[in-house]
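These protein sequence lines are chains L and F, in that order.
All letters in the first sequence, in the order written, are residues 15 to 225 by the numbering used here.
All letters in the second sequence, in the order written, are residues 15 to 225 by the numbering used here.
Report on one structure; see the data block that follows.
2 protein chains.
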Amino acid sequence: MPDPIRLLLADDHRMLRETLKRSMLDEGFDVVGEASDGQEAVDLADELQPDVILMDVTMPEFDGVEATRRIVERRPEARIVMLTMHADQDVIASAIRAGASGYLVKDCSFDEVAATVREAISGEVSQQVAASMLREAKGLADDAESVITKREIEVLQLIADGCATPEVAEQLFISQKTVKNHLASIYAKLDARDRTQAVLQAVRMGIVRLY
Amino acid sequence: MPDPIRLLLADDHRMLRETLKRSMLDEGFDVVGEASDGQEAVDLADELQPDVILMDVTMPEFDGVEATRRIVERRPEARIVMLTMHADQDVIASAIRAGASGYLVKDCSFDEVAATVREAISGEVSQQVAASMLREAKGLADDAESVITKREIEVLQLIADGCATPEVAEQLFISQKTVKNHLASIYAKLDARDRTQAVLQAVRMGIVRLY
DNA sequence: TACGAATTGGGCCGCACGACCTATGTAGCC
DNA sequence: GGCTACATAGGTCGTGCGGCCCAATTCGTA
Numbered sequence: 015m016p017d018p019i020r021l022l023l024a025d026d027h028r029m030l031r032e033t034l035k036r037s038m039l040d041e042g043f044d045v046v047g048e049a050s051d052g053q054e055a056v057d058l059a060d061e062l063q064p065d066v067i068l069m070d071v072t073m074p075e076f077d078g079v080e081a082t083r084r085i086v087e088r089r090p091e092a093r094i095v096m097l098t099m100h101a102d103q104d105v106i107a108s109a110i111r112a113g114a115s116g117y118l119v120k121d122c123s124f125d126e127v128a129a130t131v132r133e134a135i136s137g138e139v140s141q142q143v144a145a146s147m148l149r150e151a152k153g154l155a156d157d158a159e160s161v162i163t164k165r166e167i168e169v170l171q172l173i174a175d176g177c178a179t180p181e182v183a184e185q186l187f188i189s190q191k192t193v194k195n196h197l198a199s200i201y202a203k204l205d206a207r208d209r210t211q212a213v214l215q216a217v218r219m220g221i222v223r224l225y
Numbered sequence: 015m016p017d018p019i020r021l022l023l024a025d026d027h028r029m030l031r032e033t034l035k036r037s038m039l040d041e042g043f044d045v046v047g048e049a050s051d052g053q054e055a056v057d058l059a060d061e062l063q064p065d066v067i068l069m070d071v072t073m074p075e076f077d078g079v080e081a082t083r084r085i086v087e088r089r090p091e092a093r094i095v096m097l098t099m100h101a102d103q104d105v106i107a108s109a110i111r112a113g114a115s116g117y118l119v120k121d122c123s124f125d126e127v128a129a130t131v132r133e134a135i136s137g138e139v140s141q142q143v144a145a146s147m148l149r150e151a152k153g154l155a156d157d158a159e160s161v162i163t164k165r166e167i168e169v170l171q172l173i174a175d176g177c178a179t180p181e182v183a184e185q186l187f188i189s190q191k192t193v194k195n196h197l198a199s200i201y202a203k204l205d206a207r208d209r210t211q212a213v214l215q216a217v218r219m220g221i222v223r224l225y
């Protein structure tokens, strides 16, 4: 029998982390660590050098996509499988661009999780990921256009936190006009027509957190 | 050794359902069924007569609180432990009024899950639930006020789905003015000042779904 | 160096939105 | 029969919001 695959789990919900850990151990994987936010995931990935990282998109500090970016930057050979609530095309594309090796929706079966982790090691990519990469290759502007900038994320997060335009402006030390400009840009990128839709889409994509 | 506790799991995410099932089986519980939406939970509760139901608040068809209400209506002796993402006071209160025996945030440990299920059987209630009941007993209007009506939920869901006021009115065959009246009522109940905050709060509370 | 992208701002316009008040019909309930 | 809650709808008023124009600065990078 070969050495067991060394896993790092990153998800902000302890219940899922613990039950997933038990199941993965059952399946013969070696769960070497658990992270509950993006920062911790990056730190532990550095320290433990796991074979595969199972990472949720939605996490505190910074999200799974950003964590993936930082981990891959230091260790391009790292294998990262992303987890999300919703099968969002933009998130899949972002995850792949960040360097993820696989992608799973939380509605999938546990067997799929185990299979995808093994595929990540062997270099194969799941159908979902392949399909998405194809779409990306075809050059669907949909995603090249939808690169939400850091500043735009800050604006979205503040609005999700309950701020109106003047308060967002105050918090970021910019004029209300600039906030509105950022919002207009966000609407175009997220295909939203108002702040409500923009924030909901951002929540679905995991680029904004709901406290 | 006494008979194992017969469990029904209700959560719309297959991954959590399956990993939780494995862990509960490990712990000596007998998982007799799984439901992925509110309707299925009610049906299976009827059919399988489980000792305890572990039920997520956020589910398709109708949410966990409504499912709890319907189950308890037919079988007042049913023991139901609610699961949610966020520790929202209103949701806890609603769940208890609906007849839940316990309450767990998804950030809790697996041991807490097992313990709460056992407590649900023995009739004890968790500290969280007790604290909430105390608050309710103290008569914090906060919650008597915040009974969102069916119509209000319909309005909220349509807005979450991307409808603007005229579209909500059209969908529900009412005037725009009535929609705005419902919204005003919702703002007061959810302590929100605009539709964005109202929808986000509704998502947190699990009374509205994010597709 | 020159180009594009990000970030910052301005002005203008029209409408949607939220606050506040009133009112009617229809239920359910004591 | 009254009481309360819900759903329905109207009006008015101010302003927040989004659409659409434009422009300056600072970057990284091609």
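Ideal Cβ positions, reconstructed from N, Cα and C, are used throughout, including at glycine.
Which partner residues does F:ARG93 have in the DSSP bridge list? Here residue 93 of chain F refers to the residue found at position 79 of the second sequence. The partner list for F:ARG93 (beta bridge, DSSP) reads F:VAL66.
Where do the ends of the beta strand (DSSP E) carrying L:ALA134 lie? Locating residue 134 of chain L in the first sequence gives position 120, counting from the first residue. Looking at the DSSP string, L:ALA134 is not in any beta strand (DSSP E); the run it does join, the alpha helix (DSSP H), is 124-136.
For F:GLY292 and F:ILE221, what's the separation of their Cα atoms in angstroms? Any question about residue 292 of chain F goes unanswered here, given that chain F covers just 15 to 225.
Option nearest F:GLN215 by Cα separation, candidates L:GLU181, L:ASP175, L:TYR201: Along the second sequence, read from residue 1 onward, the residue named residue 215 of chain F stands at position 201. Of L:GLU181, L:ASP175, L:TYR201, the residue nearest in Cα terms is L:ASP175.
Compare the C-beta of L:THR33 with all C-beta atoms of chain F and state if any pair is closer than 8 Å. By 1-based counting over the first sequence, the position of residue 33 of chain L is 19. So yes, L:THR33 belongs to the interface.
Please report the distance separating the alpha-carbon of F:LYS120 from that of L:PRO180. In the second sequence, the residue the question calls residue 120 of chain F occupies position 106. In the first sequence, the residue the question calls residue 180 of chain L occupies position 166. Answer to the nearest angstrom: the Cα atoms are 35 Å apart.
At the 8 Å Cβ level, is L:MET219 part of the contact set with chain F, yes or no? Looking up residue 219 of chain L in the first sequence gives position 205. Not closer than 8 Å to any Cβ of chain F, the Cβ of L:MET219 fails to qualify, so no.
Could you confirm whether any beta carbon from chain L is found closer than 8 Å to the beta carbon of F:HIS196? Numbered from its first residue, the second sequence carries residue 196 of chain F at position 182. Closer than 8 Å: no.
So with Cβ pairs under 8 Å, would you call F:VAL56 a contact of chain L? Start at 1 with the first residue of the second sequence, and residue 56 of chain F comes out as number 42. No - not a single Cβ of chain L is within 8 Å of the one on F:VAL56.
Examine chain F for any beta-carbon lying closer than 8 Å to the beta-carbon of L:LYS203, and answer yes or no. For the purposes of this step, residue 203 of chain L is taken as residue 189 along the first sequence, with counting starting at 1. No, its Cβ sits nowhere closer than 8 Å to a Cβ of chain F.
Name the residues in the region 107-139 of chain F whose C-beta lies less than 8 Å from a C-beta of chain L; which are they? LEU118, LYS120, ASP121, CYS122, SER123, PHE124, VAL127
Starting from the beta carbon of F:LEU39, find every residue of chain L whose beta carbon is closer than 7 Å, and list them in chain order. As a first step, residue 39 of chain F is located in the second sequence; it is residue number 25 there, counting from the start. Those do not exist, as F:LEU39 stays about 10 Å from chain L at its closest Cβ, beyond 7 Å.
Comparing C-alpha positions only, which one of F:ALA49, F:ARG20, F:ILE19, F:PHE43 sits nearest to F:ARG28? Mapped onto the second sequence, residue 28 of chain F falls at position 14. The shortest C-alpha separation from F:ARG28 is found at F:ALA49.
Given F:ARG20, which residues of its chain have a CB within under 6 Å of its CB, disregarding the five upstream and five downstream residues? The residue you call residue 20 of chain F lines up with position 6 of the second sequence. Same-chain partners within the cutoff: ASP44, VAL46, PRO64, ASP65.
Within 8 Å of any Cβ in chain L, is that where the Cβ of F:GLY42 sits? Looking up residue 42 of chain F in the second sequence gives position 28. Not an interface residue.
Output the distance between the C-alpha atoms of F:LEU68 and F:ILE94, rounded to the nearest integer angstrom. Within the second sequence, the letter at position 54 stands for residue 68 of chain F. Within the second sequence, the letter at position 80 stands for residue 94 of chain F. Those two C-alpha atoms are separated by around 6 Å.
Give me the residue from L:ASP70, L:GLU126, L:ASP57 with the minimum Cα distance to L:ARG31. Here residue 31 of chain L is taken as the residue at index 17 of the first sequence, counted from 1. Nearest option by C-alpha distance: L:ASP70.
Going by beta carbon distance, what residues of the same chain come within less than 7 Å of L:ARG165, once the five residues before and after it are set aside? Numbered from 1 along the first sequence, position 151 holds the residue referred to as residue 165 of chain L. Only HIS196 meet the Cβ criterion.
Got a sec? Which residues, its chain only, sit under 8 Å from L:VAL193 by beta carbon, not counting five neighbours each side? As a first step, residue 193 of chain L must be located in the first sequence, where it is residue number 179. Correct list, in chain order: VAL169, THR179, VAL182, ALA183, LEU186.
Answer with yes or no whether the minimum CB distance from L:GLY176 to chain F is below 8 Å. Translated into the one-based positions of the first sequence, residue 176 of chain L becomes position 162. Chain F, which has a Cβ nearer than 8 Å to the Cβ of L:GLY176, makes this yes.
From L:LEU118, L:ARG89, L:THR98, L:ASP60, pick the residue whose C-alpha is nearest to that of L:THR72; which is it? Within the first sequence, residue 72 of chain L is the residue found at index 58, counting from 1. Of L:LEU118, L:ARG89, L:THR98, L:ASP60, the residue nearest in Cα terms is L:THR98.
Which term fits F:ASP228, buried or exposed, when burial requires 16 or more other beta carbons within 10 angstroms of its beta carbon? Outside the modelled stretch of chain F, which goes from 15 to 225, sits residue 228 of chain F, for which no answer is possible.
Cβ closer than 9 Å: which chain F residues qualify as neighbours of L:ARG165? In the first sequence, residue 165 of chain L corresponds to position 151, counting from 1. Neighbours of L:ARG165 on chain F: none; closest Cβ ~19 Å, over 9 Å.
Between F:PRO74 and F:ASP25, how many whole angstroms is the CB-CB distance? I'm expecting something under 8 Å. In the second sequence, the residue the question calls residue 74 of chain F occupies position 60. In the second sequence, the residue the question calls residue 25 of chain F occupies position 11. The pair is not a contact, with the Cβ atoms about 11 Å apart (cut-off 8 Å).
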